[in-house]
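One point on numbering: in my numbering, the residue at position 70 of the sequence shown is 74, and numbering is uninterrupted. The block underneath contains the structure these notes are about, expressed in structure tokens.
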Amino acid sequence: LADGVPARVIELNVIGLRRSGVPPAARATLRQAYKILYRSDLNLSQAIARIEDELEMTEELQYLIDFMRGTQRGYAGRGNDRRRE
5 LADGVPARVI
15 ELNVIGLRRS
25 GVPPAARATL
35 RQAYKILYRS
45 DLNLSQAIAR
55 IEDELEMTEE
65 LQYLIDFMRG
75 TQRGYAGRGN
85 DRRRE
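Encoded structure:
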């Protein structure tokens, strides 16, 4: 979940994950990954490396990592476009 202007990630959408049938262990792992991605002082590549080293890989976590690696504009997304103009 995101809030603010500019938007920033504030919390993992646990309710959505639960409704989607993501198992509790996978949700806990995603929560740990969220903390590494958004609450540590690491850049994206460092955060991904730390996640891969420290956390048990689940299907959901691999999906997140693949998504983050494929992000061309950084994980702030298109929100940076307005500031570039």
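The beta-carbon is built from N, C-alpha and C at its ideal position, and this holds for glycine as well.
Alpha helix (DSSP H) containing T33: first to last residue? 28 to 43
Look at the alpha carbon of G74 and the alpha carbon of A32, and state the distance between them as a whole number of angstroms. 23 Å
Rounded distance between the beta-carbons of R43 and L16, thought under 8 Å: The Cβ separation is near 11 Å, so there is no contact.
CA nearest to the CA of V13, picked from I40, E56, L59, Y67: I40
I need the DSSP call for V13, collapsed to helix, strand or coil. strand
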